[in-house]
Amino acid sequence: MPTKFQSKVYEVCKKIPKGRVSTYKEIARKLRTKAYRAVGSALNKNPYAPIVPCHRVVNSDGFVGGFASGIKKKIKLLKSEGIKIKKNRINNFGKVIFKF
DNA sequence: GCTTTGACTCTCG
DNA sequence: TCGAGAGCCAAAG
Numbered sequence: 001m002p003t004k005f006q007s008k009v010y011e012v013c014k015k016i017p018k019g020r021v022s023t024y025k026e027i028a029r030k031l032r033t034k035a036y037r038a039v040g041s042a043l044n045k046n047p048y049a050p051i052v053p054c055h056r057v058v059n060s061d062g063f064v065g066g067f068a069s070g071i072k073k074k075i076k077l078l079k080s081e082g083i084k085i086k087k088n089r090i091n092n093f094g095k096v097i098f099k100f
């Protein structure tokens with residue numbers, strides 16, 4: 001059982017609809033906190049691997065931050081959901097971005 | 001219990 | 001437009 005903070009992060013992540021992405025910043029804001037980095041760390045642990053779509057979370061500028069199983073894997077997953085990726089960056093970022 | 005670190009973000013030169 | 005530096009919070013060592 002992760003910490004309460006982490007659980008909240010996972011809760012929010014699960015709400016991200018398919019074919020859309022969100023940012024660490026938005027998640028942090030949803031939680032009423034500024035712990036952007038802590039959000040990233042929480043997703044890095046990600047005990048609910050298949051349940052929580054952590055691959056739909058990227059940096060605030062559309063750059064694909066990182067992924068525990070490799071950045072390539074993350075991009076592949078996103079592309080399979082209809083999101084266009086180019087050079088580790090989201091195409092049409094702002095159109096696929098999901099804000100809370 | 002203090003120190004370090006990280007899948008981040010913003011500001012400034 | 002781009003790179004470097006500082007700030008931020010929570011978790012792990």
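Numbering (my numbering), first residue to last: 1 to 100. From the three backbone atoms N, C-alpha and C, an ideal C-beta is built for every residue, glycine too.
Exposed or buried, which one is residue i when buried takes at least 16 other CB atoms within 10 Å?
| i | result |
| --- | --- |
| residue 100 | exposed |
| residue 14 | exposed |
| residue 22 | buried |
| residue 4 | exposed |
| residue 28 | buried |
Taking the alpha helix (DSSP H) that residue i falls in, what are its first and last residues?
| i | result |
| --- | --- |
| residue 40 | 36 to 45 |
| residue 69 | Run containing residue 69: none; DSSP gives neither H nor E here. |
| residue 28 | 24 to 30 |
| residue 8 | 4 to 14 |
Is the closest heavy atom of the ligand SAM to the C-beta of residue i under 7 Å?
| i | result |
| --- | --- |
| residue 28 | With respect to the ligand SAM, the structure shown offers nothing to examine, as it has no ligands at all. |
Per DSSP, which residues does residue i bridge with? Please list them.
| i | result |
| --- | --- |
| residue 86 | 89 |
Inset, instruction - Determine, using beta-carbon pairs with one atom in the region 2 to 9 and one in the region 31 to 45, whether at least three such pairs fall under 8 Å. - result: yes
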